[in-house]
Amino acid sequence: MRLAAPRHFSEAEYEYLAGLADSVGLSVPNPDGLADRDELDAWIWVARARQSITHLRRLKPRADDVVVAVDRRTGGDRHGVVTSLGATGRLNFKGGRGGHTWPQFVTEILRPGETEYAEKCRLAREEVAARITRPHLVSQGDLKRLAPWKVEAPPGLAALEALTDALNAATEERPMQVVVEKHPALLANMTSGHHGTWVIPQVRFSDHYVADFLVASDTSAGLRGVCCTDR
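Per this note's numbering, the very first residue in the sequence shown carries number 2; after that it's consecutive.
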């Protein structure tokens with residue numbers, strides 16, 4: 002029976018935990034008191050939960066409130082109409098496709114009937130519409146056609162061992178391609194998305210270009226893909 006080896010953490014990772022814990026008044030063990038990265042990660046989740054609780058108490062969000070939050074990609078404002086509160090403290094937005102924010106990033110909250118509520122609602126609807134109308138977003142019909150190649154779970158030990166055997170024994174590329182075709186989850190981590198990941202073999206883009214694999218994920222920003230080929 003093989004047990005996973007402890008995962009060690011770096012000084013920078015502990016500094017992040019220490020800073021986060023200090024910001025929420027949480028006492029954490031010193032580096033020597035943490036067994037491995039898994040324990041450090043657990044403390045990070047505890048600190049994050051306390052951070053979310055603090056800001057949720059400040060905001061007291063309810064369904065149909067409009068929040069203004071920091072867009073971490075652009076540094077500007079983003080707007081969302083709250084539909085629900087997730088188990089982890091995440092604020093989920095109307096419009097689907099993974100729209101959400103964390104309470105610590107909210108800079109303003111407006112209740113129905115308050116001044117500027119209608120205007121902020123309009124901005125939230127426009128932002129949702131801008132995401133939905135982007136041509137690279139996929140439709141339900143697209144998702145049905147992609148269904149045969151959807152990866153439902155991360156690679157298991159059998160897949161990892163099969164790839165190891167192929168790497169050790171193969172004298173050419175094809176045996177490794179066969180392993181990946183049988184175990185597509187091996188490539189799924191090349192891209193990430195909350196709405197699904199697909200690994201499609203032998204994708205033809207033209208008469209002269211065939212990708213060994215196309216790895217795609219459906220995110221709130223649209224369909225993102227990575228081509229894998231040696232040609």
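Ideal Cβ positions, reconstructed from N, Cα and C, are used throughout, including at glycine. All figures in this text were calculated on a predicted structure; none of them were measured in a lab.
Exposure label - residue i; buried when at least 16 CB within 10 Å
i, result
"isoleucine 54", "exposed"
"serine 85", "exposed"
"leucine 1", "Because the chain is modelled from 2 through 232, residue 1 falls outside the range shown and cannot be assessed."
"glycine 100", "buried"
"phenylalanine 206", "exposed"
"aspartate 166", "exposed"
"alanine 48", "buried"
"alanine 148", "exposed"
"histidine 176", "The question names histidine, but residue 176 is proline in the sequence shown. By the neighbour-count rule (16 or more Cβ atoms within 10 Å), proline 176 is not buried but exposed."
"alanine 125", "buried"
"histidine 209", "exposed"
"serine 11", "exposed"
"aspartate 143", "exposed"
Expected contact under 8 Å - CB spacing of residue i and residue j to nearest Å
i, j, result
"valine 180", "alanine 163", "5 Å"
"valine 25", "histidine 56", "10 Å between Cβ atoms; not a contact."
"histidine 9", "aspartate 37", "6 Å"
"valine 216", "methionine 191", "5 Å"
"proline 113", "aspartate 65", "6 Å"
Pick from the options that is closest to residue i, judged by C-alpha positions
i, options, result
"glutamate 120", "Ser11, Val69, Arg205", "Val69"
"tryptophan 46", "Leu18, Asp23, Leu215, Val211", "Leu18"
"valine 83", "Gly76, Phe94, Thr89", "Phe94"
"glycine 87", "Asp23, Val200, Pro104, Ala22", "Pro104"
"histidine 80", "Ala130, Glu153, Ala171, Arg38", "Ala130"
"valine 67", "Asp166, Asp78, Arg73", "Asp78"
"leucine 27", "Glu16, Glu12, Arg51", "Arg51"
"arginine 146", "Pro176, Ile201, Asp23", "Ile201"
"isoleucine 110", "Val71, Thr89, Ala154, Trp44", "Val71"
"tryptophan 44", "Pro156, Leu60, Thr172, Ala22", "Ala22"
"alanine 189", "Arg205, Gln178, Pro155, Asn169", "Pro155"
"glutamate 174", "Glu117, Gly142, Arg63, Asp213", "Asp213"
"glutamate 127", "Leu35, Gly96, Ser218", "Gly96"
"lysine 183", "Gln141, Leu161, Glu16, Gly20", "Leu161"
Close Cβ partners of residue i (< 8 Å) along its chain, the five nearest in sequence each way excluded
i, result
"glycine 76", "none"
"lysine 151", "Gly197, Thr198, Trp199"
"glutamate 14", "Arg38, Leu41"
"glutamate 117", "Leu111"
6 Å CB neighbourhood of residue i in its chain, flanking five on each side removed
i, result
"aspartate 234", "Residue 234 lies beyond the stretch modelled for the chain, which goes from 2 to 232, so this question has no answer here."
"valine 204", "Ala212, Leu215"
Residue i Cβ short of 6 Å to the ligand NAP heavy atom set
i, result
"arginine 63", "You won't find the ligand NAP in this model; it holds no ligand whatsoever."
Other residues of its chain near residue i: CB distance less than 7 Å, five sequence neighbours each side excluded
i, result
"arginine 91", "His101, Trp103"
"leucine 60", "Pro104, Val107, Ile110"
"alanine 186", "Val152, Ala154, Pro155, Pro156, Ala160"
Segments assigned alpha helix (DSSP H), at least 4 residues, entirely inside the region 172-216: 175-183, 186-189
What runs of the beta strand (DSSP E), each 3 residues or longer, lie entirely inside the region 54-115? 67-71, 78-86, 92-94, 107-111
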